[in-house]
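K.L.:
My questions will all concern the structure given below.
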Amino acid sequence: MAPAPAAQQATQTVTFPVLDPPVLLSDGASIGCPLQPDDLTHPQPARIQVVYEWWMNRLLGLQAEDVKRAAEAQLDQVEHPEIYREAMYLGVFTIALNQLLIPAGVHDFTVRDLTFPRPDRLRYILSAVINFFFFAEEQGERVLRPLEDEMNELAKEEVALIEENQKLREKIEEEKEVRVQNAAKMAEFRPDEVRLHTSLKTMGHEMDDLRKTTKAMKMDNEELRRRLTELTQENKNLEGVLMELRGQIVSSPEKLQSKIEDMQRQLNRDKEMFQDTEAKERQTQSKINALTQYCQELTTCIRILDDWSVDVEKLRDAESRLGEHEDHLRNLEAEQSDLRDRIELLERRIHNGREELTRMKDKMERKREAAKGRKRDLELQHAASIEEKRHLDDEAFKKNLEAQAVEQHIRDMYTSLNTELDKGEKAFKRIKEQITLYSIRLNKALDSINELNALDPEL
1 MAPAPAAQQA TQTVTFPVLD PPVLLSDGAS IGCPLQPDDL THPQPARIQV
51 VYEWWMNRLL GLQAEDVKRA AEAQLDQVEH PEIYREAMYL GVFTIALNQL
101 LIPAGVHDFT VRDLTFPRPD RLRYILSAVI NFFFFAEEQG ERVLRPLEDE
151 MNELAKEEVA LIEENQKLRE KIEEEKEVRV QNAAKMAEFR PDEVRLHTSL
201 KTMGHEMDDL RKTTKAMKMD NEELRRRLTE LTQENKNLEG VLMELRGQIV
251 SSPEKLQSKI EDMQRQLNRD KEMFQDTEAK ERQTQSKINA LTQYCQELTT
301 CIRILDDWSV DVEKLRDAES RLGEHEDHLR NLEAEQSDLR DRIELLERRI
351 HNGREELTRM KDKMERKREA AKGRKRDLEL QHAASIEEKR HLDDEAFKKN
401 LEAQAVEQHI RDMYTSLNTE LDKGEKAFKR IKEQITLYSI RLNKALDSIN
451 ELNALDPEL
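First residue of the sequence shown? That's 1 in our numbering, and the numbers climb one at a time after it.
Put into structure tokens, the structure is as follows:
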């Protein structure tokens, strides 16, 4: 269980003096803080919140409207925001105020200090803030210089981001132009691609048909070659028979002549068939050559389609890179907006710090003079206090003597009172014993009376 704020204040090491109410009021009035005497004796939540808002605006550059906007932004993410509105504002206000109080040395500030403020806690918190404020004034240059360096670094980062943003914009414009050109080219070549794809499918079917036809023609060609070989062999056999017949003596020349004519006609028919087969072979070979050329053209078309597919993939990659560049550009624009907000906040804080530094230098001079006068007054008061202390020491010595005498008188009275109490206790014991004895006798008498009443009366 977390300790109470008062317990935390008692246990933590206080690194700053807790100022008295008059000092708090005078310092607050010199700075311009809207602190009233009643706020220190009877603090009210509304008044104390106004004082804290003034200090946040003075030292952090945060206004009440900024805190309200942050609380409203958080309320947009919950259901029934009207229920949590006040609690959300107090929570965000506490978080924002802790950005000031933690560097000032107050680490135990809670919402209870806003809703139920106590005078001692208020003095403790305001003392921390005022001491931190004067310390920040004395260390103004040391505080402002890192802020200026940070602002310069942020300005350099902003310039670098702007340059990178411009480069990315130019690159995106180039990518868009290339994308438009590629889209135009793709739109221009798409009908050809569709037509070629359709023709490629048709040519594929035709190629399958031609392969089947070629296979059938090859089989016919082989059959014709085999038939031609057989006919050639038969022709040779016939020529041999013819030579044999010519060498023989025939008894019937007419019959031989008719047989020779039949063989001649058969030979002519075989020659015509052979010539037809050769013509068919030449036609088949020309078709095979045409199919080979057609296959080469189809291979070229397929290679062109593959190249187009590669170009399409490149275009898709370019589109994805363009989307990544656009996302990166949006992120850079968001970072640039955040940097601008931070720079504006730092500029406001630096401007306020410079004004406060100039104003505080004048006030410090006046305060030095006032401090010198106050020091003289304090020295006089110190001398008067020493004299008064001596007088009070004398009176205290006299009072101690009187107290010792009174203490001795009280001891005597206590001794006599104890003596009287002992006597009274002894008398009380004697009376108690007598009462006990009397009770015993009374009980015996009552028993006797009861026994007599129990007997029959004598006439």
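Note that the Cβ used here is the ideal one computed from N, Cα and C, for glycine as well.
Give the secondary structure of D63 by DSSP, where H, G and I count as helix, E and B as strand, and everything else as coil.
P.N.:
According to the sequence as given, residue 63 is Gln; it is not Asp. The answer is coil: DSSP assigns Q63 none of H, G, I, E or B.
K.L.:
Which residues in the same chain have their Cβ closer than 8 Å to the Cβ of L114, if we skip the five residues on either side of it in sequence?
P.N.:
Closer than 8 Å at the Cβ level, and outside the excluded window around L114, lie P45, I48, Q49, Y52, L90, F93 and T94.
K.L.:
Check whether the stretch 257-268 and the stretch 157-170 are in contact - that is, three or more C-beta pairs closer than 8 Å.
P.N.:
Taking 8 Å as the limit for Cβ pairs, the verdict is that the stretch 157-170 does not touch the stretch 257-268.
K.L.:
Any contact between the stretch 123-142 and the stretch 19-35? By contact I mean 3 or more CB pairs, one from each, below 8 Å.
P.N.:
The answer is yes - the stretch 19-35 touches the stretch 123-142, with three or more Cβ pairs under 8 Å.
K.L.:
Looking only at its chain, what residues have a beta carbon closer than 8 Å to the beta carbon of T157, apart from the 5 residues adjacent to it on each side?
P.N.:
Checking the sequence, you will find Glu at residue 157 rather than Thr. Around E157: L339.
K.L.:
Measure the alpha-carbon distance for W308 versus A318 and round it to whole angstroms.
P.N.:
Looking at the two C-alpha atoms, the distance is approximately 15 Å.
K.L.:
If I'm right that M56 touches L97 with Cβ under 8 Å, what's the distance once you round it to whole angstroms?
P.N.:
Indeed they touch by this definition, with Cβ atoms about 6 Å apart.
K.L.:
Check whether the stretch 111-126 touches the stretch 298-306, taking contact to mean three or more Cβ pairs, one atom from each stretch, closer than 8 Å.
P.N.:
Flag = no, the stretch 111-126 and the stretch 298-306 do not touch.
K.L.:
On the criterion of 16 or more Cβ atoms from any shown chain inside 10 Å, does A334 qualify as buried, or is it exposed?
P.N.:
So A334 counts as exposed.
K.L.:
Could you pull out every residue in the same chain whose Cβ sits closer than 8 Å to the Cβ of L224, ignoring the five residues on either side in sequence?
P.N.:
Taken in chain order, the residues that qualify are T277, K280 and E281.
K.L.:
Identify whether V250 lies in helix, strand or coil by the three-state DSSP scheme.
P.N.:
Low confidence applies to V250: its pLDDT is 49, below 50, so where it sits in the model is not reliable, and the reading given next is rough at best. Here V250 sits in coil by DSSP.
K.L.:
Determine the DSSP secondary structure at F189, reduced to helix, strand or coil.
P.N.:
If DSSP states are grouped into helix, strand and coil, F189 belongs with the helices.
K.L.:
Between the C-alpha atoms of V78 and K68, what's the straight-line distance to the nearest angstrom?
P.N.:
Answer to the nearest angstrom: the Cα atoms are 16 Å apart.
K.L.:
Can you tell me whether M469 is buried or exposed? The criterion is at least 16 other CB atoms within 10 Å of its CB, across all chains shown.
P.N.:
It is not possible to answer for residue 469, since the shown part of the chain is limited to 1 through 459.
K.L.:
Just the Cα atoms here: how many angstroms apart are E365 and H328?
P.N.:
Using only the alpha carbons, I get a separation of about 54 Å.
K.L.:
Give me, in chain order, the residues of the same chain whose beta-carbon lies closer than 6 Å to that of E344; leave out the 5 immediate sequence neighbours on both sides.
P.N.:
Counting only Cβ-Cβ distances below 6 Å, and skipping sequence neighbours, we find nothing.
K.L.:
Along the chain, which unbroken stretches of the alpha helix (DSSP H) at least 4 residues long are found entirely within the stretch 382-452?
P.N.:
Complete alpha helix (DSSP H) runs here, min 4: none at all.
K.L.:
Just the Cα atoms here: how many angstroms apart are E222 and K271?
P.N.:
So the two alpha carbons sit approximately 18 Å from each other.
K.L.:
Roughly how far, in whole angstroms, is the beta-carbon of Q99 from the beta-carbon of M88, given that I think they are within contact range, below 8 Å?
P.N.:
Q99 to M88, Cβ: 18 Å. No contact.
K.L.:
Rounded to a whole number of angstroms, what is the C-alpha to C-alpha distance between V250 and E234?
P.N.:
Residue placement at V250 is poorly supported in this model, since its pLDDT is 49, which falls under 50; the coordinates are not used for a value here.
K.L.:
Between F109 and I125, which are expected to be in contact by the criterion C-beta below 8 Å, what is the C-beta distance as a whole number of angstroms?
P.N.:
Their Cβ separation, rounded to whole angstroms, is 7 Å, which keeps F109 and I125 in contact under 8 Å.
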